[in-house]
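Using my numbering, the first residue of the sequence shown is number 20, and each one after it goes up by one. Accompanying notes for the structure given below.
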Amino acid sequence: MRLIQLTDPHLSSLESFSFFGVKGKRKSGYLSWYRNRRHIHRPEILERLTRAVHDESPDRILLTGDLVHLGLEDAIIEAASWLQQLGSPEQVLLVPGNHDNYAADSLAAMRRHWCDYLPTQDAGATDYAAAYPIEQTCGSVRLLGLNTSCVSRIFSAQGELGEAQLSRLRSALGGPPSGLPGQVPEPSVFTCLLIHHPPLPGMASARKALRDAKDLQLIVEEQQPDLVLYGHIHCNRQQQHGEVRSFCTASASSVNNASYRVFDVEKADQGWHCQMRLMSLDKNAGTGARFTVAGESSWSRAS
Ligand SMILES: [Fe+2]
Ligand SMILES: [Fe+2]
């Protein structure tokens, strides 16, 4: 089973907007885009990464948020056409980021234009997290997608799961995969959590942190999912917490180090085996450069 994670493309051309044409929190976000991010996140890099991901023939593409920059409807529409190029809703599992659910009107726009890639919810529902965690199975891999994308105050990039979503996650991890009611969880199932914000305390600055990371930490320590994939901090990072491996991947459109990760998960005699390959674009290698292996690791877990 081949899973590929990519994250934080920040697809947004704001060329048709001006500082005076956006309001509230979007003014500071616009300045950040104008001064820095428009030079870093490039559509031509994302196009190359998308082609490279397709060449890997993944069974599932895991997209951990921040598709756009200011949660504006025009950008959300633009991202919808990229999503369709990336893969069908059956091939792509998307969890939103703080830059997607950026302002009060963003959630409704996401539901309008990304509806095929998001869980079904009433158009007027205001609880961003009501349908999460979303759960899918892919062979013997169980995928649980979380939503941390609450609208935050100006200059904050924090996220939050909320008590209700945490409680649903605890129940889901402690129970059988959906579609198999009444069955005891199979120990050889490989469980992967997807989340935009760094999941545990201390993994991000206070300004960018997950507000209820301590609560999530308790669940992760208790339930020991096999893999946690996240984005948000735009760097490549790998850590181990007990049996749990966590990976952050750099932005998919970055001129500095655009990256994606490949996870090949196979059932082994007693449990499973996972091989991870980090693929990155070297910023010094010119426009013809290809994605090359920037890191590898593998591990097994017995049932
Ligand atoms: Fe981001
Ligand atoms: Fe983010």
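A virtual CB, placed ideally from N, CA and C, is assigned to each residue, including glycine.
Three-state class that DSSP yields for residue i in the structure shown
{"i": "S125", "result": "helix"}
{"i": "I238", "result": "helix"}
{"i": "L219", "result": "coil"}
{"i": "L165", "result": "coil"}
{"i": "E182", "result": "helix"}
{"i": "T210", "result": "strand"}
{"i": "G193", "result": "helix"}
{"i": "L82", "result": "strand"}
{"i": "I23", "result": "strand"}
{"i": "T306", "result": "coil"}
{"i": "C293", "result": "strand"}
Distance cut-off 7 Å: residue i Cβ against heavy atoms of ligand 1
{"i": "D119", "result": "no"}
{"i": "H132", "result": "no"}
{"i": "H253", "result": "yes"}
Residue i to residue j span [Cα, whole Å]
{"i": "G164", "j": "S299", "result": "24 Å"}
{"i": "A128", "j": "A150", "result": "17 Å"}
{"i": "V312", "j": "L22", "result": "16 Å"}
{"i": "S224", "j": "H118", "result": "17 Å"}
{"i": "L192", "j": "G307", "result": "44 Å"}
{"i": "R226", "j": "H73", "result": "35 Å"}
{"i": "V208", "j": "F282", "result": "15 Å"}
{"i": "N166", "j": "D301", "result": "31 Å"}
Contact test: residue i Cβ vs ligand 2 heavy atom, cutoff 7 Å
{"i": "G116", "result": "yes"}
{"i": "A228", "result": "no"}
{"i": "H215", "result": "yes"}
{"i": "A176", "result": "yes"}
Residue environment, residue i, which counts as buried when at least 16 other CB atoms sit within 10 Å
{"i": "W291", "result": "buried"}
{"i": "E109", "result": "exposed"}
{"i": "K44", "result": "buried"}
{"i": "E262", "result": "exposed"}
{"i": "E179", "result": "buried"}
{"i": "N303", "result": "exposed"}
{"i": "F38", "result": "exposed"}
{"i": "D124", "result": "exposed"}
{"i": "R70", "result": "exposed"}
{"i": "L30", "result": "buried"}
{"i": "G6", "result": "No answer is possible for residue 6: it lies beyond the span of the chain, which begins at 20 and ends at 322."}
{"i": "I173", "result": "exposed"}
{"i": "N55", "result": "exposed"}
{"i": "A148", "result": "buried"}
Problem set entry | Under 5 Å, CB to nearest heavy atom of ligand 1: contacting residues | D27 and D85
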